[in-house]
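This report concerns only the one structure given below.
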Amino acid sequence: MAPMNALSRRHFLGAASAAGGAVTLSSGTAAPAPSSQETNDESARREGRIVVASMSAPQSLDPGLSTDTETQRILRQIFEPLLGIEPDTGAVAALLATNWQISDDELTYTFTLRNDVAFHDGSELTAEVVAANIERTGRLDYLYGFGNISRSTALAFPTVFGGFIGSDACVLESVEAADSRTVVITLSEPVAFLLQAMTLPAFGIASAAVLTDSDPGLVSRTPVGTGPYRFVPTEDQDTMLETNSDYWGSLNGPDEVVVRPLPKSFDRLRELNRGEVDVYDGITADSLRSLLQAGRLILQRDPFSVLYLGFNMAHPVMADDDVRQAAALAINRQALVEDYFLDGTRPAYQFTPPAMGVHSDAAEPYSYDLAEAQEMLQDSDYDGEPLTFYYPIATTRNYLPRPEHVFASIAADLTAAGFTIVPKPVRWDDGYIDQLMGDGDRAMHLLGRSGGFRSPHAFLGRLFGQVSREFNYTNEELSELLRDARAETEEEPRTELYREAAEVIAEDLPALPLAYPISGLALGPRVADYPMSPVLNERFNEIVLNEQQ
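Numbered according to full-length UniProt numbering, the sequence shown terminates at residue 549, and the numbering increases by one at each position without gaps.
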């Protein structure tokens with residue numbers, strides 16, 4: 001994985017303009033200036049604390065349930081998995097495990113734990129606790145009830161191991177503590193990307209005190225890990241994290257971090273300019289000029305996500321191959337990218353970013369051709385029935401920075417081809433994903449995926465490796481290809497399997513890839529540097545602060 005680059009590393013062009021004039025009260029009288037004591041108190045409060053403006057509040061803080069990057073960003077500060085990620089190369093690195101060995105048949109993984117690691121509650125990290133965590137993650141379907149956890153996107157454990165523990169598809173044979181410092185994972189068949197997958201926040205290790213079958217939600221309500229920050233409950237949507245003074249590793253970052261959900265890009269920009277936040281994530285193309293003019297340090301992440309248009313193949317209209325192909329041909333992806341995404345974003349014609357190296361030249365790209373789309377739709381059985389199209393509003397996602405604009409562009413393209421589109425806007429925080437998956441009348445929707453680990457399976461396996469209510473799509477040939485790719489230990493044949501899978505997906509067209517978006521963030525004057533990562537492996541203890549401003 002290439003190191004992150006800066007969009008701009010220019011020094012400030014000048015002092016940023018302050019919010020105009022004196023603050024006034026509602027009566028019109030000037031507000032009294034703060035006393036020197038109040039100013040000192042505020043400075044003391046701010047010193048060593050930063051505020052990160054995020055795109056949404058975290059969902060469940062149970063690591064095994066995490067599916068979105070905003071939640072995972074928080075989890076990485078509290079919980080730690082066995083393995084981490086080397087920031088400069090993207091390679092697997094030691095974290096709670098200092099070393100590991102793999103058997104010749106690649107079925108047995110032996111991890112040696114770091115010594116003298118304590119959880120936030122003071123309890124000791126042991127192999128028994130690690131084994132209990134992994135087993136628990138494999139039983140989440142039992143603990144929470146399959147009907148509950150299957151409503152959303154695929155979870156990490158079944159994506160990696162083929163299914164939950166006890167299912168015929170699960171390839172995890174056992175996870176055991178050989179002694180207090182040694183964990184042994186045994187598989188029934190190889191998982192080629194297992195080490196990379198074990199860096200996921202979903203495999204973060206929690207204290208044994210919160211692992212109770214009778215109350216599975218305790219992990220989320222009382223998150224206790226080994227990470228550099230402790231969770232501090234608040235009465236609002238802010239997530240408060242304070243330094244874990246007993247942390248085994250480096251504590252060079254801020255003493256406290258507040259992660260503040262501000263779904264709208266304008267609100268994040270405003271609060272950055274007011275000095276109320278120090279890190280503005282989720283830059284949009286329309287805010288970039290203002291940031292550059294203010295001399296902000298702007299950092300970008302390498303593209304490691306995909307935006308797509310999903311089709312509900314259980315819908316009577318969208319079940320028609322010709323209708324889906326007509327929709328695919330109608331969308332001008334190049335214009336979409338140029339109009340609404342940051343420079344460096346590329347149109348997507350397959351579901352794996354180019355860095356994965358598994359693109360298939362044989363997969364149908366469905367390049368923009370309005371005339372062909374119109375002709376194909378006219379020759380189909382579609383009679384102009386209204387088609388419900390879900391899209392999120394009042395939000396920013398790293399794969400979808402301006403959802404309302406992106407929807408309007410796609411809807412206009414589809415309408416020009418002859419489709420009758422019925423917009424269905426849903427606020428992200430009102431359960432956008434659950435609502436679209438629960439609506440049997442849904443025809444299309446906008447969504448995306450970020451790769452959680454460096455393998456094509458992070459995209460293809462998670463999206464299409466299991467039957468889900470998102471696409472209502474299954475293809476046994478595709479399932480077999482993905483299973484074979486998971487077990488293939490040699491790179492070249494594994495790459496060919498993923499290319500064949502891409503060809504099947506393109507032929508069946510359960511969804512249309514749209515873009516590989518660039519995402520980025522801007523830093524306020526109190527932050528000198530921020531540990532960028534395309535998978536948001538961004539540990540706050542590695543943030544570098546400037547001297548007090």
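All residues carry an ideal CB built from backbone N, CA and C; glycine is no exception.
Exposed or buried, which one is Glu477 when buried takes at least 16 other CB atoms within 10 Å? The count along the sequence shown starts at 1 and reaches residue 477 at position 477. So Glu477 counts as exposed.
Cβ-Cβ separation, Gly520 to Ile298 (assumed contact under 8 Å), whole Å: By one-based count along the sequence shown, residue 298 stands at place 298. By one-based count along the sequence shown, residue 520 stands at place 520. Confirmed, Cβ separation roughly 6 Å.
When the Cα of Phe79 is compared with those of Gly48, Gly138, Gly204, Trp100, which residue comes out closest? Translated into positions along the sequence shown, residue 79 becomes position 79. Comparing Cα positions, the closest option is Gly204.
State the Cα-Cα distance for the pair Asp508 and Glu480, rounded to the nearest angstrom. Within the sequence shown, the letter at position 508 stands for residue 508. Within the sequence shown, the letter at position 480 stands for residue 480. Near 15 Å, if we compare the C-alpha coordinates of Glu480 and Asp508.
Measure the C-alpha to C-alpha separation of Ala501 and Val51 and round it to an integer number of angstroms. In the sequence shown, residue 501 corresponds to position 501, counting from 1. In the sequence shown, residue 51 corresponds to position 51, counting from 1. Rounded to whole angstroms, Ala501 to Val51 spans 43 Å at the Cα level.
Count the other CB atoms within 10 Å of the CB of Ala314; is the residue buried (16 or more) or exposed (fewer)? On the sequence shown, position 314 is the one that residue 314 refers to. Per the 10 Å Cβ criterion, exposed.
Given this structure, state the Cα-to-Cα distance separating Thr153 from Glu470, to the nearest angstrom. Taking the first residue of the sequence shown as 1, we reach residue 153 at position 153. Taking the first residue of the sequence shown as 1, we reach residue 470 at position 470. So the two alpha carbons sit approximately 8 Å from each other.
Let me confirm a value: Val232 is counted as buried when at least 16 other C-beta atoms fall within 10 Å, else exposed. Which label applies? Position 232 of the sequence shown holds residue 232. Classification of Val232: exposed, given that the 10 Å Cβ count is below 16.
Per DSSP, Gly448 is paired with what? The residue labelled residue 448 in the question sits at position 448 within the sequence shown. Bridge partners of Gly448: Leu307.
Is there contact here, the stretch 226–242 with the stretch 99–113, by at least three beta-carbon pairs under 8 Å? no
Got a sec: is the Cβ-Cβ distance from Glu135 to anything in chain D below 8 Å? Looking at the structure shown, chain D is missing, and only one protein chain is on hand.
The stretch 358–377 touching the stretch 240–254, judged by at least three CB pairs closer than 8 Å: no
Would you identify the three-state DSSP class for Arg499, choosing helix, strand or coil? Counted from its first residue, the sequence shown places residue 499 at position 499. Helix at Arg499.
Opening and closing residue of the beta strand (DSSP E) in which Arg49 lies: As a working note, residue 49 is residue 49 in the sequence shown. 49–54 is the extent of the beta strand (DSSP E) around Arg49.
Do Thr137 and Gly217 have their CB atoms nearer than 8 Å? Here residue 137 is taken as the residue at index 137 of the sequence shown, counted from 1. Here residue 217 is taken as the residue at index 217 of the sequence shown, counted from 1. Not a contact, by the Cβ cut-off of 8 Å.
In this structure, how does DSSP classify Gln378 when only helix, strand and coil are distinguished? Position 378 of the sequence shown, counting from 1, holds the residue named residue 378. Looking at Gln378 - three-state DSSP - the assignment turns out to be helix.
Cβ contact check for the stretch 83–92 and the stretch 129–145: 3 or more pairs under 8 Å: no
Leu292: which of Val257, Asp322, Gly524, Leu96 sits nearest, CA to CA? By 1-based counting over the sequence shown, the position of residue 292 is 292. Cα-wise, what sits closest to Leu292 is Gly524.
Find the nearest neighbour of Leu211 within the set Ala202, Pro517, Leu194, Ala132, judged by alpha-carbon distance. Looking up residue 211 in the sequence shown gives position 211. The shortest Cα separation from Leu211 among Ala202, Pro517, Leu194, Ala132 belongs to Ala132.
So the alpha helix (DSSP H) residue 557 belongs to, where does it begin and stop? Outside the shown range of the chain, which is 1 to 549, sits residue 557, and nothing can be said about it.
Extent of the continuous beta strand (DSSP E) run through Pro158: In the sequence shown, residue 158 corresponds to position 158, counting from 1. No beta strand (DSSP E) holds Pro158; the alpha helix (DSSP H) holding it covers 156–161.
Collapsed DSSP secondary structure at Met532 in the structure displayed: Mapped onto the sequence shown, residue 532 falls at position 532. DSSP places Met532 in coil when its eight states are reduced to three.
By a C-beta neighbour count over all protein chains shown, 10 Å radius and 16 as the cutoff for buried, is Ser103 buried or exposed? Here residue 103 corresponds to residue number 103 of the sequence shown, with the count starting at 1. That one is exposed.
Which full runs of the alpha helix (DSSP H) of 4+ residues lie inside the stretch 163–225, going along the chain? 194–197, 218–221
Going by CA-CA distance only, name the one from Arg139, Ala156, Leu307 that's closest to Asp213. For this step, residue 213 is matched to residue 213 along the sequence shown. Taking only the C-alpha atoms, the option nearest Asp213 is Arg139.
Are Pro261 and Ser533 closer than 8 Å when you measure CB to CB? Counting from 1 along the sequence shown, the entry for residue 261 is found at position 261. Counting from 1 along the sequence shown, the entry for residue 533 is found at position 533. Result no, Cβ atoms of Pro261 and Ser533 do not sit closer than 8 Å.
Grab me the residues of His445's own chain with a C-beta within less than 6 Å of its C-beta, minus the 5 sequence neighbours each way, in chain order. Taking the first residue of the sequence shown as position 1, residue 445 is located at position 445. Around His445: Gly310, Tyr390, Leu436.
What residue range does the alpha helix (DSSP H) around Asp413 cover? Sequence index remark: in the sequence shown, residue 413 carries index 413 (1-based). Its alpha helix (DSSP H) spans residues 403–417.
Quick one: which unbroken alpha helix (DSSP H) runs of 4-plus residues sit fully inside the stretch 80–162? Chain order, please. 127–137, 140–144, 146–149, 156–161
Tell me which same chain residues have a C-beta within less than 8 Å of the C-beta of Gly28, skipping the five on either side of it? Taking the first residue of the sequence shown as 1, we reach residue 28 at position 28. Below a pLDDT of 50, predicted positions are generally treated as unreliable, and Gly28, at 32, falls in that range; the measurement from the model is reported next regardless. Counting only Cβ-Cβ distances below 8 Å, and skipping sequence neighbours, we find nothing.
May I ask you to list the residues that DSSP assigns as paired with Glu256? On the sequence shown, residue 256 is found 256 positions in, with the first residue counted as 1. Answer by DSSP bridge pairing, in chain order: Arg49, Glu242.
Expressed to the nearest angstrom, what Euclidean distance is found between the alpha-carbon atoms of Gln237 and Asp434? Walking along the sequence shown from the start, residue 237 turns up at place 237. Walking along the sequence shown from the start, residue 434 turns up at place 434. For Gln237 and Asp434, the distance between alpha carbons rounds to 21 Å.
Looking at the secondary structure, which residues open and close the beta strand (DSSP E) in which Gln300 lies? As a first step, residue 300 is located in the sequence shown; it is residue number 300 there, counting from the start. Residues 297–301.
Under DSSP, the alpha helix (DSSP H) around Tyr399 begins and ends at which residues? Working through the sequence shown from its first residue, we reach residue 399 at position 399. Looking at the DSSP string, Tyr399 is not in any alpha helix (DSSP H), and its letter there is neither H nor E.
C-alpha gap between Arg454 and Asp529, whole angstroms: Within the sequence shown, residue 454 is the residue found at index 454, counting from 1. Within the sequence shown, residue 529 is the residue found at index 529, counting from 1. Roughly 24 Å separates the two Cα atoms.
Using CA coordinates, which residue listed in Pro263, Ala411, Thr243, Leu187 is at the minimum distance from Arg427? Counted from its first residue, the sequence shown places residue 427 at position 427. With distances taken between Cα atoms, Arg427 lies closest to Pro263.
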